[in-house]
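Step one of this worksheet: look at the structure below.
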Amino acid sequence: MTVIANILIIATISFGTIFILVTALGLIRLPDAYSRAHAASKSATLGIMSILLGVFFHFWLKEGIFNSRILLGIVFLFVTGPVGGHMMGRAAYLSGVKLWDKSVRDDLAEVVKKKREQQ
87 MTVIANILII ATISFGTIFI LVTALGLIRL PDAYSRAHAA SKSATLGIMS
137 ILLGVFFHFW LKEGIFNSRI LLGIVFLFVT GPVGGHMMGR AAYLSGVKLW
187 DKSVRDDLAE VVKKKREQQ
């Protein structure tokens with residue numbers, strides 16, 4: 087049982103660490119604020135959730151302590167991380183941050199135009 091527990095703990099924490107590294111690379115390499123916000127919100131959320139899941143498995147399987155606060159933290163991050171990234175991207179768009187020159191589509195332009203015409 088302890089070998090399987092160790093493998094599970096190491097796998098989830100390693101998976102989370104890889105996603106955190108992908109987040110860092112995305113923040114450095116991606117061209118505009120919107121792509122960076124996407125990288126920061128989605129992959130960082132998945133990485134942190136995986137690391138917290140590994141911590142939960144450690145305490146539950148190795149120490150015998152079932153910590154529901156870690157599970158609540160995972161659920162909280164799962165809900166708020168992508169929503170926060172979306173809100174920051176929307177705020178950047180509405181404040182006039184330019185898209186990347188090679189962006190193919192701007193789906194929000196029509197919606198913003200209609201909202202401004204209604205006001």
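Read in order, the letters of the sequence shown are residues 87 to 205 in our numbering. Yeah, the Cβ is synthetic: ideal placement off N, Cα and C, and Gly gets one too. From a predicted model like this one, the values you see are computed outputs, not experimental measurements.
Residue i and residue j closer than 8 Å at C-beta
{"i": "G140", "j": "I99", "result": "yes"}
{"i": "A126", "j": "G175", "result": "no"}
{"i": "G167", "j": "L138", "result": "no"}
{"i": "S129", "j": "G112", "result": "yes"}
{"i": "K148", "j": "A110", "result": "no"}
{"i": "L194", "j": "Y179", "result": "yes"}
{"i": "A119", "j": "V161", "result": "no"}
{"i": "N153", "j": "F143", "result": "no"}
Supposed close pair residue i, residue j - CB separation, criterion 8 Å
{"i": "M135", "j": "L163", "result": "6 Å"}
{"i": "I106", "j": "G133", "result": "4 Å"}
Residue from the options whose Cα sits closest to the Cα of residue i
{"i": "L185", "options": "K201, M87, P117", "result": "P117"}
Exercise. Along the chain, which unbroken stretches of the beta strand (DSSP E) at least 3 residues long are found entirely within the segment 101–167?
Worked result: none
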